[in-house]
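Chemist:
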Amino acid sequence: MLVMGTHVPYTVYKGGTSMRKEVLAYMKYSQHLEIVYISTGNKMSKRQVRIHEVYEDTFRGYCYLRHAYRTFYYKNVLAVFPIHHPIKEVEFNE
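Structure follows, in C-alpha cells:
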C-alpha cells in the first residue's frame with residue numbers, strides 16, 4: 000500500500016512482505032532510510048538507518064538514533080521511505 004506523507008510517499012507493510020527486496024534495492028544504491036519500527040518490547044520508534052547487510056529475516060545497519068550498528072527484523076518494520084536530504088550527525092560535548 001502506498002501512503003502519501005507530508006512530502007515524501009512511503010510504503011507501509013504488514014509482516015515484512017516484500018520488505019527484503021526493497022531493503023536490498025536501497026542498499027544497492029547506498030540510500031539512507033527512515034523507518035517506523037516496533038521493537039521486540041512493543042515500543043514504536045522512527046529511525047534513520049544506513050543499511051550494511053541484508054539477511055533472510057533481518058537486516059543490519061547503522062542507526063543514527065542509537066549511534067550504533069543495529070539488527071532490524073523485517074516483520075517489525077511498519078513503514079520505510081528514503082531520505083532525500085543529508086543526515087546531520089549530532090555531536091555531544093561532554
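With numbering that gives the first Met the number 0 applied, the sequence shown closes on residue 93, and no number is skipped along the way. Every residue gets a Cβ at the ideal spot worked out from N, C-alpha and C, and that includes glycine.
1. Here's the rule: buried if 16 or more other CB atoms are within 10 angstroms of the residue's CB, otherwise exposed. What is Leu32?
2. Using DSSP's beta-bridge definition, name the partner residues of Lys45.
3. Who are Gly40's beta bridge partners in DSSP?
4. Are there 16 or more other CB atoms within 10 angstroms of the CB of His6, so buried, or fewer, so exposed?
5. Does the separation of the CB atoms of Met26 and Val76 fall below 8 Å?
6. Assuming contact is defined by CB atoms lying nearer than 8 Å, are Tyr72 and Gln47 in contact in what I supplied?
7. From Gly60 to Ile34, what does the alpha carbon distance come to, in whole angstroms?
Modeler: The relevant details are as follows:
1. Here residue 32 refers to the residue found at position 33 when the sequence shown is read from its first residue. Classification of Leu32: buried, given that the 10 Å Cβ count is 16 or more.
2. Position 46 of the sequence shown, counted from the start, is the residue given in the question as residue 45. BP columns for Lys45 point to Val35.
3. Counting from one through the sequence shown, the residue named residue 40 turns up at place 41. Beta-bridge analysis with DSSP links Gly40 to no other residue.
4. As a first step, residue 6 is located in the sequence shown; it is residue number 7 there, counting from the start. Low per-residue confidence applies at His6: pLDDT is 37, beneath 50, and the placement is therefore not dependable, though the value from the model is reported in the following sentence. Under this definition His6 is an exposed residue.
5. In the sequence shown, the residue the question calls residue 26 occupies position 27. In the sequence shown, the residue the question calls residue 76 occupies position 77. Pairing Met26 with Val76 gives a Cβ-Cβ distance that is not under 8 Å.
6. Within the sequence shown, numbered from 1, the residue matching residue 72 stands at position 73. Within the sequence shown, numbered from 1, the residue matching residue 47 stands at position 48. In this structure, Gln47 does not lie closer than 8 Å to Tyr72 by Cβ.
7. Here residue 60 corresponds to residue number 61 of the sequence shown, with the count starting at 1. Here residue 34 corresponds to residue number 35 of the sequence shown, with the count starting at 1. Answer to the nearest angstrom: the Cα atoms are 12 Å apart.
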